[in-house]
Structures are given as C-alpha cells and as structure tokens.
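From first to last, the protein sequence lines stand for chains A and B.
For the first sequence, position 145 matches number 155 in my numbering, and the numbering has no gaps at all.
For the second sequence, position 143 matches number 153 in my numbering, and the numbering has no gaps at all.
By construction, the Cβ of each residue, glycine as well, lies at the ideal position given by its N, Cα and C atoms.
Given the structure is predicted, the values throughout are model-derived calculations rather than measurements.
Protein chains: 2
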Amino acid sequence: MGRVPRRVDHEERRRHIADALVRTAATRGLHAAGMREVATEAGVSLRLVQYYFGTKEELLLAAMQQLAAQFSDRVLARIQRMKETGSPASPRDVIAAVLTEALPADDERRTFTLVYTAYLALSLTDPALAISPLVRNSSVVRDAVAAQLRAAQAAGDMPGRLDPDLEAISLLTMSAGLGTSVIVGQSSAGQAQAVIDYHLRRLFPAYPPA
Amino acid sequence: MGRVPRRVDHEERRRHIADALVRTAATRGLHAAGMREVATEAGVSLRLVQYYFGTKEELLLAAMQQLAAQFSDRVLARIQRMKETGSPASPRDVIAAVLTEALPADDERRTFTLVYTAYLALSLTDPALAISPLVRNSSVVRDAVAAQLRAAQAAGDMPGRLDPDLEAISLLTMSAGLGTSVIVGQSSAGQAQAVIDYHLRRLFPAYPPA
DNA sequence: GTTGTTATGGTACGAGTGTATCATCAAGGG
DNA sequence: CCCTTGATGATACACTCGTACCATAACAAC
Numbered sequence: 011m012g013r014v015p016r017r018v019d020h021e022e023r024r025r026h027i028a029d030a031l032v033r034t035a036a037t038r039g040l041h042a043a044g045m046r047e048v049a050t051e052a053g054v055s056l057r058l059v060q061y062y063f064g065t066k067e068e069l070l071l072a073a074m075q076q077l078a079a080q081f082s083d084r085v086l087a088r089i090q091r092m093k094e095t096g097s098p099a100s101p102r103d104v105i106a107a108v109l110t111e112a113l114p115a116d117d118e119r120r121t122f123t124l125v126y127t128a129y130l131a132l133s134l135t136d137p138a139l140a141i142s143p144l145v146r147n148s149s150v151v152r153d154a155v156a157a158q159l160r161a162a163q164a165a166g167d168m169p170g171r172l173d174p175d176l177e178a179i180s181l182l183t184m185s186a187g188l189g190t191s192v193i194v195g196q197s198s199a200g201q202a203q204a205v206i207d208y209h210l211r212r213l214f215p216a217y218p219p220a
Numbered sequence: 011m012g013r014v015p016r017r018v019d020h021e022e023r024r025r026h027i028a029d030a031l032v033r034t035a036a037t038r039g040l041h042a043a044g045m046r047e048v049a050t051e052a053g054v055s056l057r058l059v060q061y062y063f064g065t066k067e068e069l070l071l072a073a074m075q076q077l078a079a080q081f082s083d084r085v086l087a088r089i090q091r092m093k094e095t096g097s098p099a100s101p102r103d104v105i106a107a108v109l110t111e112a113l114p115a116d117d118e119r120r121t122f123t124l125v126y127t128a129y130l131a132l133s134l135t136d137p138a139l140a141i142s143p144l145v146r147n148s149s150v151v152r153d154a155v156a157a158q159l160r161a162a163q164a165a166g167d168m169p170g171r172l173d174p175d176l177e178a179i180s181l182l183t184m185s186a187g188l189g190t191s192v193i194v195g196q197s198s199a200g201q202a203q204a205v206i207d208y209h210l211r212r213l214f215p216a217y218p219p220a
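Here it is in structure tokens:
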C-alpha cells in the first residue's frame with residue numbers, strides 16, 4: 011500500500027482535458043463536445059478521457075467548475091491590478107472589475123461567455139447537470155456587489171435614495187444580458203461597455219467617466 | 011393541374027407539430043427534442059413529422075419562428091387589453107407590456123423563456139440555425155422601445171437627461187437576464203417584477219407605482 | 001372505373017454516441 | 001527477479017439519431 015508518487019500529475023491532466031472541452035464547446039457547441047472530440051482536441055486518446063473522468067457527466071461538471079474558477083481568478087487579478095496602480099480598490103472599481111470581466115471583449119472572455127451560456131441553457135432541463143455551481147456563484151457575486159453598493163452609500167459616494175439590492179440585481183442581469191447580446195452580434199463590445207459606464211456614472215456621480 | 015383543396019390543413023398540422031417541439035424542448039431540453047420525441051408528443055407518427063418538415067433543421071427553424079410569433083402576439087394582446095381598460099397606451103404602458111410579457115411568471119411565459127434561451131445557446135455555435143430571426147426581432151424591439159422613450163421625453167414624462175438608446179438597451183438586456191435568473195430559480199418572478207418596476211419608476215417619475 | 005396525387009404507416013440503414021472490455025507498457029516493492 | 005499497481009492503447013457493444021425507402025389507404029380527375 012505504499013503511496014508512491016504517480017508518474018503524471020493527475021490534476022494537471024484533468025485541467026488540460028477540461029480545457030479542451032471548453033475550447034471545443036466554444037467552437038462547435040457544448041452539445042457537440044463529445045468524448046472523442048475532446049480527446050482529439052486535447053491530443054490524447056479517448057481512453058484517457060475516460061480514465062481521468064469516468065463518465066461524461068463528470069467531465070461536464072469538472073469543466074464547468076474550472077470555468078467558474080478561472081473567471082473568479084481573472085476578476086481577482088483585475089482587482090489586484092487596480093490596487094497596485096492606484097487607490098485601494100473603491101467599491102466602484104470592484105464592481106467595474108466584475109462587470110468588465112463578464113464582458114466578451116477578447117477571445118478569452120468571449121469563450122467564457124459562450125460556454126457559460128451553453129451550460130446555463132443545458133442545465134435548465136438536464137437534471138444531472140444541476141445548476142448548483144452556476145447559481146450559487148451568481149448569488150455570492152450578487153450579495154458581494156450589493157455589499158459594495160452599501161459601503162459606497164455609507165461613504166457618501168452613492169445617492170442614498172437608490173436601492174442597493176435592486177441595483178445589484180440590475181447590474182448583474184444587465185451584464186449577463188449584454189454578454190449574450192454581444193456574442194450574437196447584436197451589440198458591439200464598445201456599446202456594451204458604454205451601457206455599463208452609463209449606469210456606473212448614474213450610481214457614482216462623483217467619479218470621472220473613466 | 012387542378013388545385014384542389016387538401017383534405018387536411020397543412021399549416022394547422024405544422025403548427026401542431028411545432029408546438030409539440032416547443033413543449034418537448036421545455037421539458038426535456040432542445041437537444042433531446044428529436045424527431046421521434048416530437049412525433050410522440052404530437053401524437054403522430056415519425057413519418058408525418060418528416061412529411062410536414064422535410065428535415066430537422068426546417069422543423070427547428072419553423073418552431074423558432076412560431077415561438078417568436080406567439081410572443082409577439084401576446085405582447086400585442088397585452089397592449090390591446092390595456093387600451094380597452096383605460097388610456098390610449100402611453101409609452102410607459104407599452105414598454106411595461108413588453109417587459110412583463112418577457113418575464114417567466116406563468117407556464118406559458120416560462121416555456122417561452124426556457125425554449126428561447128435554448129435556441130439562443132444553440133444558435134451561438136450552430137451555423138445552420140443562424141440567429142437571424144432572434145437577433146433581428148430583438149433589434150426591432152430595441153428600436154421600438156427607444157422610440158417610445160423618445161416620445162415620452164418629448165411629452166415631458168421622462169427626464170431629458172436620460173439617454174433613450176442606452177436606457178432601451180438596459181431595459182431589454184435586463185429583461186433577458188432577469189428571465190434566465192428566474193428560470194434557474196435564483197430569483198422569484200416577484201423580485202424580477204420589482205426590479206422592472208424600480209427602473210420604470212426611475213424613467214417615469216410622474217407615474218403611479220402600479 | 002381506372003389513374004394519379006395526397007397523405008400516412010412501417011421499417012431499415014448508416015453514422016454517431018457513451019461506455020465497457022481486453023491487452024499492454026512502465027515502474028516500484030518484496 | 002517477479003509481481004502488483006498505475007497509466008495508456010485499441011476496439012467492440014449497445015443504443016439513438018436523422019434520413020431514406022417501400023407500401024398503401026383515401027380521394028379527385030378524366
């Protein structure tokens with residue numbers, strides 16, 4: 011029973027394969043991202059995908075969690091970058107970071123929005139792919155944004171007549187809606203950013219436009 | 011070559027089958043709505059589905075268009091109902107009608123939101139199911155809402171400092187985002203309605219809350 | 001009454017899917 | 001040096017899907 015170090019890093023492999031799933035889903039759609047397709051994209055054999063993820067459901071779930079984790083990391087990195095280059099992350103900056111990162115402005119964020127939407131649609135009817143991670147994550151973000159808004163109100167940066175909870179929901183649903191609007195080509199990323207800036211100016215009248 | 015009336019109404023049959031597609035998609039998902047599934051749900055044979063829609067792609071497209079048409083009809087009916095019971099459809103009423111109809115508050119609207127989301131996600135990657143009807147429809151609605159907002163500004167019912175175009179985009183993307191938020195169970199229909207009312211009050215300060 | 005078109009049923013085929021099975025290297029423990 | 005265990009390959013098996021094909025009732029036209 012000697013626990014010997016494996017010759018390969020399982021977690022690294024799983025990440026690599028899950029990443030291939032995400033890439034495939036962004037290109038040909040989540041429904042077309044089969045085991046073989048993912049295996050080819052990852053440059054491994056079908057058997058390997060089976061080995062690291064016993065079943066397809068497990069693969070889908072793992073890829074979804076990884077997608078959420080990557081998004082979260084990018085938001086935090088964006089906030090961190092802001093901290094370094096200036097003031098200590100005002101509520102407005104934090105909220106702007108979340109909203110901007112959710113906007114499909116470059117390939118990475120576009121992939122995120124695309125696959126995220128596909129997962130959402132799939133989990134609406136597929137009971138196995140329970141939306142737990144998606145919804146739970148979104149709720150956490152919503153509460154965090156509402157808290158930031160309350161802090162801004164306490165600091166006098168946001169008018170007291172505005173409702174922090176309703177505004178938080180508004181911002182995030184708008185962000186989601188704008189994301190899909192951009193990927194279907196109905197709006198440009200610039201237009202979407204303009205809408206976001208418009209509401210940020212409304213919420214934080216004292217701040218400069220950008 | 012005598013054009014004789016057919017023994018069955020083709021359009022009626024097509025509607026019936028397309029409706030079965032929508033019902034199936036709302037329950038088990040659009041990806042699971044195969045020819046056989048739809049045939050069973052419609053109470054006809056597989057061959058009939060093939061007969062009235064030569065290929066699956068045609069069926070999908072027809073059902074999508076029918077879904078959009080039904081939604082449009084319901085919005086118009088709602089506006090018509092308002093006209094009868096009072097004033098001659100103010101811009102605020104028209105906009106409220108659109109936003110409320112897009113909210114999954116009962117089974118019919120829930121089905122619409124559900125299947126609409128599924129179609130949207132599918133068309134993001136499937137080139138055959140080009141998003142033309144979806145996007146085009148949305149763009150028309152967006153322009154109509156913006157026009158209503160401009161009319162309200164001209165009538166003095168909406169503050170002139172607000173941007174009609176950005177507000178129109180905001181309302182509709184918010185509406186879409188709220189819809190998905192409700193069907194995943196993250197928000198209740200009441201909460202979503204509250205958010206909409208909140209923004210309507212902001213845009214039309216003179217109007218009563220309901 | 002025959003003939004031809006419309007409308008419907010039954011069924012078979014080929015491609016694709018996820019999963020399971022059998023086989024085989026590589027490597028560390030006794 | 002063998003032998004157990006981890007890691008990988010190739011392939012087979014059910015099953016489902018969309019589509020195509022063949023057969024045949026019902027009714028209109030001549």
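Continuous alpha helix (DSSP H) stretch holding H209 of chain A: start and end: A199 to L213
For S185 of chain A, which of helix, strand or coil comes out of DSSP? helix
Are the C-beta of T95 of chain B and some C-beta of chain A separated by less than 8 Å? no
For T110 of chain B, which of helix, strand or coil comes out of DSSP? helix
So which residues of chain A does M45 of chain B contact, with C-beta pairs closer than 9 Å? Going along chain A, no residue has its Cβ under 9 Å from M45 of chain B, so there is no contact; the nearest lies around 16 Å.
Separation of I193 of chain B from A115 of chain B, as counted between CA atoms: 9 Å
Measure the Cβ-Cβ separation of G44 of chain A and A186 of chain B and say whether it is below 8 Å. no
For D29 of chain B, the first and last residue of its enclosing alpha helix (DSSP H): Counting along the chain, the alpha helix (DSSP H) containing D29 of chain B begins and ends at H20 to R38.
Element boundaries [alpha helix (DSSP H), containing A78 of chain B]: Per DSSP, A78 of chain B belongs to the alpha helix (DSSP H) from K66 to E94.
Sequence-distant residues of its chain with Cβ nearer than 7 Å to S55 of chain B (five each side left out): A49
Minimum Cβ-Cβ distance from D136 of chain A to chain B less than 8 Å: yes
Provide the residue span of the alpha helix (DSSP H) that contains Q60 of chain A, from first to last. In the DSSP assignment, Q60 of chain A falls within the unbroken alpha helix (DSSP H) covering L56 to Y62.
State the Cα-Cα distance for the pair P174 of chain B and A157 of chain B, rounded to the nearest angstrom. 8 Å
I'd like to know whether the C-beta atoms of L31 of chain A and A79 of chain A end up nearer to each other than 8 Å. no
Against chain A, which members of the segment 24-49 of chain B pass a CB distance test of less than 9 Å? A35, A36, T37, R38, G39, L40, H41 and A42
So, is P169 of chain A buried or exposed, given that buried needs 16 or more other C-beta atoms within 10 angstroms? exposed
From what residue to what residue does the alpha helix (DSSP H) around M248 of chain B run? This structure cannot settle anything about residue 248 of chain B, because the visible part of chain B is limited to 11 through 220.
Under 7 Å between beta-carbons, which chain B residues line up against I89 of chain A? List them in chain order, please. Close partners of I89 of chain A in chain B (Cβ separation under 7 Å) are lacking, with about 23 Å as the shortest Cβ gap.
Using a C-beta to C-beta distance shorter than 7 Å, which residues of chain A count as neighbours of M184 of chain B? The answer, in chain order, is S180, T183, M184 and G187.
Quick one: any contact between the segment 175-183 of chain B and the segment 199-207 of chain A, if contact means 3 or more CB pairs under 8 Å? yes
Could you tell me the boundaries of the alpha helix (DSSP H) in which Y129 of chain B lies? D117 to S133
Under 8 Å between C-beta atoms of E21 of chain A and T34 of chain A: No, the pair does not count as a contact, with Cβ atoms beyond the cut-off.
For V151 of chain B versus E111 of chain B, is the C-beta spacing smaller than 8 Å? no
Taking only beta carbons into account, state which residues of the segment 119-131 of chain A come closer than 8 Å to chain B, listed in chain order. L124, T127, A128, L130 and A131
Using the beta-carbon count (16 or more within 10 Å), is T190 of chain A buried or exposed? buried
May I ask you to list, following chain order, the residues of the segment 198-209 of chain B that have a beta carbon less than 9 Å from some beta carbon of chain A? Q201, A202, A204, V205, Y208 and H209
Please tell me whether A128 of chain B and A131 of chain A are closer than 8 Å, where the distance is taken between their beta carbons. Contact check for A128 of chain B against A131 of chain A passes: the beta carbons are separated by less than 8 Å.
Around the Cβ of S148 of chain B, are there at least 16 other Cβ atoms within 10 angstroms (buried) or fewer (exposed)? It counts as buried.
Between R24 of chain A and Y62 of chain A, which are expected to be in contact by the criterion C-beta below 8 Å, what is the C-beta distance as a whole number of angstroms? 5 Å between Cβ atoms; contact.
Since A87 of chain A and K93 of chain A are thought to touch, with beta carbons under 8 Å apart, how far apart are those beta carbons, to the nearest angstrom? With a Cβ gap of about 11 Å, A87 of chain A and K93 of chain A do not count as contacting.
A156 of chain B (DSSP reduced to helix, strand or coil): helix
What is the rounded straight-line gap between the Cα of F122 of chain B and the Cα of A199 of chain B? 14 Å
How many angstroms separate the CA atom of D167 of chain B from the CA atom of A138 of chain B? 44 Å
Distance between V108 of chain A and Y126 of chain A (C-alpha atoms, nearest Å): 15 Å
Residues of chain A with CB closer than 7 Å to the CB of D173 of chain B, please, in chain order. Y208
Length of the line joining the Cα atoms of P218 of chain B and Q163 of chain A: Cα to Cα, the separation comes out at about 26 Å.
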